[in-house]
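The next block holds one structure in the form of structure tokens; read it before the comments.
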Amino acid sequence: RPLPWSSSSSAPPPPPPLSGSGVAAAAAVRQPAEVAAEADEDPWPEIRLSATPMGLADGRNRAAELQRRGDFDSVALLWDKLWYLSRRCAPPLAAEELRRLARERCEVLALLERWEFVERACGQALGEAALEDADSARVLLWRARARAERRGDLAGARADAEEARRRSKGCASGCGEELEEETEELEARLRELHEQQLEEARRCTEPLPSASASSAARASTVGRPAPRAAAPAARGQWPAGPAISGTPASAEGASEAVKRNQAFFNKMEREFVATCADDGWDEIRRGAEELENEPVAVHWQGQWQQIPADSDYYNVRVPKGFVDRQLRRSPEAIAADAARDLSTKPRRNLDELRRVEEATRKAVE
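Right, here's the structure in full:
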């Protein structure tokens, strides 16, 4: 069912093309940072929505359709517009409806991992929506994850996590258990990010060799054979490279980029390893390697002997299920063909065909 984008039911005005970075949501006239600085301006004026409950429902449908199409940057910007309209509804929006809109907005943005939008949306929800303890605890956990992923603010993220844990104590048993599980998952992610920061800081702070040391090293290697190439990096690890040094600003920028790339690489590696373990591919590979490495022996002249390595046995592949290299007919089949006399073909008996033809003719007449 086409959504009522306009009176002519056409598609919404397309945003400008997105850049290669999914974080920089260039799906509107303004960048997200400018939207945050200009909170009193419409985040997406090209989309016409009325500041009424019906207009908010229409905007939710549009956001769901954009999410189905995979345009996540436009989804984030449209949710910003819905929040902008919710604060300007006439008559004012009910408190329960405002809480539901704030919670749903934060949840969708966290699911899409648009951390810049998540941090701003959670701050607005906590400050303006008067959330209940369970909802505010979840919003605090989402904001903690956004702080850690976007800016590496682990201290602020842990402060939000502690506040979320404190607020979850007054919730019902089932809700409290869910919040505790989400808090533990967040703690695991924060520990992983902390280890990545330490590793990157160590790599970025290692000093480069001085020019005199480099010249001495080059002079000492004159006339020597070239060293062997370094072993390739293990699967799941970045290849070793020269240390990075420079100003703190350059180190911080390099650290942020490397952390994001390493986190994505680790996630893909874990998913691949889990998939191979679940579908049995690792077991198949182990079985194939055992067959390849197992020595092959044949029974020849009353004793078992190893097949020479240059034998055609290792070059010829026969169909599975056959133990011989040449497919021959069995002696029984050859004898049966020889016993049959194929010189004259037997005559066909057409009596039954004639009877059916006569009966059909009589029935037609």
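The sequence shown begins at 2 in the working numbering and counts up one residue at a time. Ideal Cβ placement from N, Cα and C applies to all residues, glycine included.
Return the bridge partner residues of residue i from the DSSP annotation.
i	result
Gln125	For Gln125, which the question treats as bridged, DSSP gives no partner whatsoever.
Gln263	None, per the DSSP bridge assignment.
Leaving aside the five residues before and after residue i along the sequence, list all residues of the same chain whose C-beta is less than 6 angstroms from its C-beta, in chain order.
i	result
Ala220	Residue placement at Ala220 is poorly supported in this model, since its pLDDT is 49, which falls under 50; the coordinates still yield a value, given next. Nothing meets the Cβ criterion.
Val76	Ala64, Leu67 and Gln68
Trp239	Any reading at Trp239 must be qualified, since the residue scores a pLDDT of 42, below 50, and its modelled position is unreliable; no value is offered.
Cys377	Look at the range of the chain in this structure, 2 to 366, and you will see that residue 377 is not part of it.
Leu102	Ser87
Cys123	Cys107, Val140, Trp143 and Arg144
Ala230	In this prediction, Ala230 has a pLDDT of 45, which is less than 50 and means its spatial position is unreliable; what the coordinates show is noted afterwards. Once the five neighbours on either side are set aside, Ala230 has no close Cβ partner at all.
Gly56	Leu50
Leu112	none
Glu291	none
Would you decide whether residue i is buried or exposed? Buried here means 16 or more other CB atoms lie within 10 Å of its CB.
i	result
Trp282	exposed
Pro44	buried
Gly128	exposed
Gln125	buried
Ser312	exposed
Arg168	buried
Ala334	exposed
Phe273	exposed
Leu79	buried
Ala235	Its pLDDT being 46, under 50, Ala235 is placed unreliably in this model, and the coordinates cannot settle the point.
Ala149	buried
Ala162	buried
Ala244	Per-residue confidence for Ala244 stands at a pLDDT of 43, beneath the threshold of 50, marking its modelled position as unreliable; the derived number appears in the next sentence. Ala244 comes out exposed.
Trp104	Looking at the sequence shown, residue 104 is not Trp but Arg. That one is buried.
Phe266	exposed
Asp72	buried
Leaving aside the five residues before and after residue i along the sequence, list all residues of the same chain whose C-beta is less than 8 angstroms from its C-beta, in chain order.
i	result
Lys260	Gly153, Leu194, Gln197, Gln198 and Glu201
Gly224	Reliability fails at Gly224, whose pLDDT of 48 lies under 50, so the model's placement of it is uncertain and no value is given.
Pro249	Bear in mind that a pLDDT of 49 at Pro249, under 50, signals an unreliable position, so the number given afterwards is only what the model happens to contain. Once the five neighbours on either side are set aside, Pro249 has no close Cβ partner at all.
Distance check for residue j and residue i, CA to CA, integer angstroms please.
i	j	result
Asn350	Glu359	16 angstroms
Asn262	Glu114	15 angstroms
Lys82	Arg286	53 angstroms
Leu50	Leu86	8 angstroms
Ser256	Trp116	18 angstroms
Val357	Pro332	44 angstroms
Leu155	Glu183	16 angstroms
Arg146	Ala158	7 angstroms
Cys172	Glu181	11 angstroms
Glu188	Ala165	12 angstroms
Asp280	Ala91	57 angstroms
Leu354	Val365	17 angstroms
Pro93	Glu178	35 angstroms
Thr53	Gly60	11 angstroms
Val109	Arg203	36 angstroms
Arg70	Cys205	40 angstroms
Ile48	Ala275	43 angstroms
Asp338	Arg348	20 angstroms
Ala264	Ala258	10 angstroms
Ala336	Ala289	41 angstroms
Ala96	Arg151	31 angstroms
Glu42	Lys170	39 angstroms
Thr361	Arg341	39 angstroms
Ala58	Lys268	36 angstroms
Phe118	Trp84	12 angstroms
Lys363	Asp352	17 angstroms
Take residue i and list the residues in its own chain whose beta-carbon comes closer than 7 angstroms to its own, dropping the five residues that flank it on each side.
i	result
Glu133	none
Glu185	none
Cys176	Ala135
Ser137	Leu127 and Arg168
Leu99	Ser87 and Ala130
Leu191	Ala149, Leu155, Ala158 and Arg159
Arg397	Lying before the first or after the last residue shown, residue 397 is absent from the chain, which here runs from 2 to 366.
For residue i, verify whether its CB is less than 7 angstroms away from any heavy atom of the ligand PLP.
i	result
Asp283	In the structure on display, the ligand PLP does not appear, and there are no ligands present to speak of.
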